[in-house]
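This report concerns only the one structure given below.
Here's what the structure looks like:
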């Protein structure tokens, strides 16, 4: 009987925002506009970092990759979410759910690593300006980006396999907007302590390690900036780090709230909103954050739009 129960769930039902039936049309419009802004904004950043001669530097090479990552990251979640607003069938197959989670985890790991790489780039640029072209050569930058993209693939594939190897029985209702680890573990039967332990290990391996690299980089950066002779020089140096620090704060802050809060205080509706914050809101504002205080990016955007 137990074995039969384990094999009955072949698909999950994503609840999403179906608890608000009268708001489906409005929510669809809001999320569609946000998604289009993400595609257009990050697409423009990719275009200018590839075509504008003034942006052919390591910093903008990383920024172009980061914008492409944001498009991929959001596209794993949003198309299915938009489809569910107009469909009575909100089911997602077992395999599709596994694929969505796997890509979500891989791209999330890539974002952590790429943010760490971008912090290291700022450290070298400010603390070792004379050796910057030598250290951050194009070959080394490509190697850093490739590692960021593929570094988490084996681990996250293994983690996804481990989660979907769990027996699922009883309810197949996934009260979330996409296939994520916490709501999936709630539906699993039996002991999930080993899965929770592996999640902690992976978090330390990628999230904590990348956070420490970012923290170390900016600790090293602060001292040389404060020693600059003029306030204008200090402001200019700090402004090159401001955009990156803002993105780091938004991404890690929202992710930490949802994954590190005590289970007793976590509500499923709150988790839905917070998960959309770091999967949609942050990618939507990234192009604005990186162009708002950057005259070079603004000039490149104007040039591209005029063409």
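Residue numbers (our numbering): 13 to 319. Yeah, the Cβ is synthetic: ideal placement off N, Cα and C, and Gly gets one too.
Rounded Cβ spacing between residue i and residue j (contact assumed at less than 8 Å)
i, j, result
"residue 222", "residue 125", "6 Å"
"residue 72", "residue 61", "4 Å"
"residue 24", "residue 186", "4 Å"
"residue 49", "residue 318", "Not confirmed; about 21 Å, so no contact."
"residue 301", "residue 138", "Rounded, the Cβ-Cβ distance is 19 Å, inconsistent with contact."
"residue 167", "residue 217", "7 Å"
"residue 351", "residue 176", "The displayed coordinates of the chain run from 13 to 319. Any statement about residue 351 would go beyond what the structure contains."
"residue 136", "residue 144", "5 Å"
"residue 76", "residue 57", "7 Å"
Secondary structure of residue i, DSSP reduced to three states
i, result
"residue 119", "helix"
"residue 207", "helix"
"residue 24", "strand"
"residue 219", "helix"
"residue 186", "strand"
"residue 143", "coil"
"residue 303", "helix"
"residue 101", "coil"
"residue 6", "Given a span of 13 to 319 for the chain in the structure shown, any question on residue 6 remains unanswerable."
"residue 242", "coil"
"residue 284", "helix"
"residue 92", "helix"
"residue 266", "helix"
"residue 34", "helix"
"residue 248", "helix"
"residue 319", "coil"
"residue 133", "helix"
"residue 149", "coil"
"residue 84", "helix"
"residue 170", "helix"
Alpha carbon of residue i to alpha carbon of residue j, nearest angstrom
i, j, result
"residue 88", "residue 119", "9 Å"
"residue 219", "residue 171", "15 Å"
"residue 202", "residue 92", "29 Å"
"residue 214", "residue 194", "15 Å"
"residue 5", "residue 26", "Coverage of the chain is limited to positions 13 through 319, which leaves residue 5 absent and any answer about it impossible."
"residue 28", "residue 191", "10 Å"
"residue 70", "residue 282", "38 Å"
"residue 90", "residue 198", "23 Å"
"residue 212", "residue 206", "10 Å"
"residue 134", "residue 38", "41 Å"
"residue 59", "residue 94", "26 Å"
"residue 313", "residue 86", "23 Å"
"residue 67", "residue 311", "11 Å"
"residue 98", "residue 45", "16 Å"
"residue 78", "residue 63", "16 Å"
"residue 227", "residue 100", "46 Å"
"residue 108", "residue 42", "25 Å"
"residue 329", "residue 291", "Examination of residue 329 is not possible in this model, given that the chain is present from 13 through 319 alone."
"residue 159", "residue 121", "11 Å"
"residue 31", "residue 163", "38 Å"
"residue 65", "residue 96", "43 Å"
"residue 142", "residue 246", "18 Å"
Identity of the residues DSSP links to residue i by a beta bridge
i, result
"residue 180", "200"
"residue 54", "In the DSSP output, where bridge partners are listed per residue, residue 54 has none listed."
Closest Cα partner of residue i within the set the options
i, options, result
"residue 287", "306, 265, 298 and 303", "265"
"residue 81", "196, 32, 55 and 313", "55"
"residue 157", "303, 130 and 31", "130"
"residue 294", "187, 308, 284 and 263", "263"
"residue 11", "234, 173, 132 and 300", "The structure shown has nothing for residue 11, since the chain only spans 13 to 319."
"residue 181", "100, 167, 200 and 49", "200"
"residue 83", "52, 240 and 316", "52"
"residue 150", "40, 74, 103 and 176", "74"
"residue 284", "144, 105, 143 and 188", "188"
"residue 298", "141, 231 and 255", "255"
"residue 229", "253, 248, 208 and 246", "253"
"residue 106", "179, 34, 65 and 289", "179"
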